[in-house]
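J.:
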Amino acid sequence: MAELVKESESAGGWGAQPSPSAAVETAPAAEGATTEVAVDGGGWGAPAAATGDSAPPTAEGGWGAPAAVAEGGDSTPAATEGGWGAPAAEGGDAGAAAAAAEEAKQEKIKKEIEHSAEVMAMLAVEDEDQKKNRIRVIQSDPNSHLSSAKTFSELNLPENLLQGIYGMGFDRPSQIQEVALPLILANPPKNLIGQAQSGSGKTVAFTLGMLFRINLQENYPQAICVAPTRELANQILSDVIVKMAAHMPGLRCQLALAGIMIPRGERCNAHIVVGTPGKIEDWIRRRMLDPRQVKVFVLDEADDMIAEDGHREKSIAIHRQMSPQCQTLFFSATFNEGVFDFAKRIVRAPNIIKLASDEELVLDVIKQLWIDTAGNKQEVLSDIYDLLTMGQSIVFVRTKMGANQITQMLVEKGFDVATLHGDLENLERDVLMDEFRQGKRKVLISTNVLARGVDVPAVSLVVNYDIPTTYDGQPDFESYLHRIGRTGRFGRKGVAINFVDNEHDKGLLEQIANHFSPARTMIFEAPGDDIEELEKIIQGTA
């Protein structure tokens, strides 16, 4: 059974500061505005830095790479007896001894380089095998050929979509995209239920699927994407669809959110509609949105959208309005068995992409820690405020009241924080998210409204002020995964800190650790009373 252990008990772990991402300027999202999307230099799926229980320690610069040689220096220990700086042999044998030592040294260097090359080759094969084993594909037609795409050019996409993808900084498909895109883009269209890790490129995959089906000459809704929150719907449209469609002049998109109205007597004629289930269902019911000719229907964060305690009723009501020919795409990082079985019942003959086990859900690039706060959570949070502002941070709490109280406490101490939850006015929520994305706000105190899908590249630290639980007090595995997934996006490194206030909290966290990682330690203890040491652990220098 995996237990919560001290950080010092790990073999060092990792925790290096998040590496800077390459910001690639893309087409303006609106007139006069320039938007940027941050893309990890190595792309998703590059080998993670080694942790204490993974591969043998290697030199900086990648898995198994030979140690860098300092300019003018030597890379290996002296072959001569006595080590570096031993006195030269006396008499006429000095030259011969030096030559022999040099020859031995060069031979050793040669062998080390050859060994490093062998290790790199083995690790490359191992990494490819691990990638293949992470995903299971279940085809609706087991006799059909299953293909994957290593490059976007293999997908026979129109030039304007290829330009849009490359303009966003993506040079090759991620792991989920390699498998999902050939299925999504197939003709005739096939339905898909897809699961993949947070930050792995699901949104890009289904956006490409929507844009691929759009006929710009037809003036009616052709794709509908439903998301659980206005923040996620806004992000899907402004950060992904608009940028990917930068070379599709004439494309019309419409947000369907609370506060957005269609004039009486008019209908939505946008090609793509993105919104929350309540507003989209309302527009369909009031005949402001005609779904009968929609070609692609997407549910993002689908497990939440069709869960009994989520948005099931409205999501199903929308889905039932689609024609039998409409392609249905359900995507999420998490699907518990009950929700997954329900999804298979409402999606006709779906292809299925599923992670092999829940252990694959947690990204290796997220370092997970826990702090014993011993009844002083507010104090510890204010103590680590400087760490929260090293990059950007999200602090997750259980209730809206708790979010307001913590925000008030920190503001009274002179700290610059803001709170975001469902009771705020829509405009206030939108302004706060814009400020956070632009870096004007460093710390957000939030409920689970920000737990799903929201991608802010500069978020390097997530704090679970309250361990996530379900309505009946059980550990909420899905919410934990989605919360910590707000960092470590697209291969960038991140840190998640869990506050453990009592034995009950510790028990909840241990259950979460055992669920995702029963065979090895996943969450390490870090000091809450030694901020200097905690900073070193976060930065990977401890």
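Using UniProt numbering, the letters of the sequence shown map in sequence onto residues 1 to 542. Glycine included, C-beta positions come from ideal geometry on N, C-alpha and C. Please read all numbers here as calculations on a predicted model, not as lab measurements.
In the DSSP output, what is K367 paired with across the bridge?
T.: The partner list for K367 (beta bridge, DSSP) reads V495.
J.: Is the Cβ-Cβ distance between L202 and I176 less than 8 Å?
T.: The amino acid occupying residue 202 in the given sequence is Lys; Leu does not appear at that position. Yes; because the gap between Cβ atoms is below 8 Å, this pair is in contact.
J.: I'd like to know whether the C-beta atoms of I371 and V226 end up nearer to each other than 8 Å.
T.: Cβ distance not < 8 Å, so I371 and V226 don't count as in contact.
J.: If you drop the 5 nearest sequence neighbours on each side, which residues of the same chain put their C-beta closer than 6 Å to that of G310?
T.: So the qualifying residues of the chain are D304.
J.: How about Y220 and D290: are their beta carbons less than 8 Å apart?
T.: Taking 8 Å as the Cβ cut-off, Y220 and D290 qualify as a contacting pair.
J.: Give every residue of the same chain whose Cβ lies closer than 8 Å to the Cβ of I531, excluding the five residues on either side of it in the sequence, and list them in chain order.
T.: Answer for I531: D383, I384, D386, L387, listed in chain order.
J.: Is the beta carbon of L481 sitting closer than 8 Å to the one on V449?
T.: No, Cβ-Cβ distance for L481 and V449 is not below 8 Å.
J.: Need the endpoints of the beta strand (DSSP E) that Q217 sits in, please.
T.: Segment: none, Q217 is in no beta strand (DSSP E) and carries neither H nor E.
J.: Compare the Cα-Cα distances from T389 to each of V397, L444, G402 and report the closest residue.
T.: Of the listed residues, the one whose Cα sits closest to T389 is L444.
J.: Label G422 either buried or exposed according to how many other C-beta atoms from any shown protein chain fall within 10 Å of its C-beta, with 16 as the threshold for buried.
T.: Exposed, since its Cβ has fewer than 16 Cβ neighbours within 10 Å.
J.: Assuming V456 and R437 are in contact, meaning their beta carbons sit under 8 Å apart, how far apart are those beta carbons, in whole angstroms?
T.: Confirmed, Cβ separation roughly 6 Å.
J.: Output the boundary residues of the beta strand (DSSP E) element that contains R136.
T.: Here the beta strand (DSSP E) through R136 covers 135–138.
J.: Mind reading off the beta-carbon distance from A256 to I280? Whole number of angstroms is fine, and I expect it under 8 Å.
T.: That pair is a contact at about 5 Å.
J.: Closest by CA to R520, which one among L216, Q368, E503?
T.: If we check each option's Cα against that of R520, Q368 comes out closest.
J.: Identify every residue that forms a DSSP beta bridge with N351.
T.: BP columns for N351 point to L192.
J.: Could you spell out the range, first to last residue, of the alpha helix (DSSP H) harbouring Q254?
T.: From DSSP, Q254 is part of no alpha helix (DSSP H) but of the beta strand (DSSP E) over 253–256.
J.: Under a three-way DSSP split, which group does D466 fall into?
T.: D466: coil per DSSP, three-state reduction.
J.: Starting from S315 and walking both ways along the alpha helix (DSSP H), at which residues does that stretch end?
T.: Segment 312–320, the alpha helix (DSSP H) holding S315.
J.: Identify which residue in V137, N514, A496 has its Cα closest to the Cα of I366.
T.: Nearest C-alpha to I366: A496.
J.: Tell me whether T203 sits in a helix, a strand or coil according to DSSP, three-state version.
T.: It is helical.
J.: Assuming V273 and Q254 make a contact with CB atoms under 8 Å, what is their CB distance in whole Å?
T.: Yes, V273 and Q254 are in contact; Cβ-Cβ is about 5 Å, under 8 Å.
J.: Starting from S382, follow the alpha helix (DSSP H) in both directions and report where the run begins and ends.
T.: S382 -> alpha helix (DSSP H) spans 377–383.
J.: With burial defined as no fewer than 16 other Cβ atoms inside 10 Å of the residue's Cβ, what is the status of M522: buried or exposed?
T.: M522 should be labelled buried.
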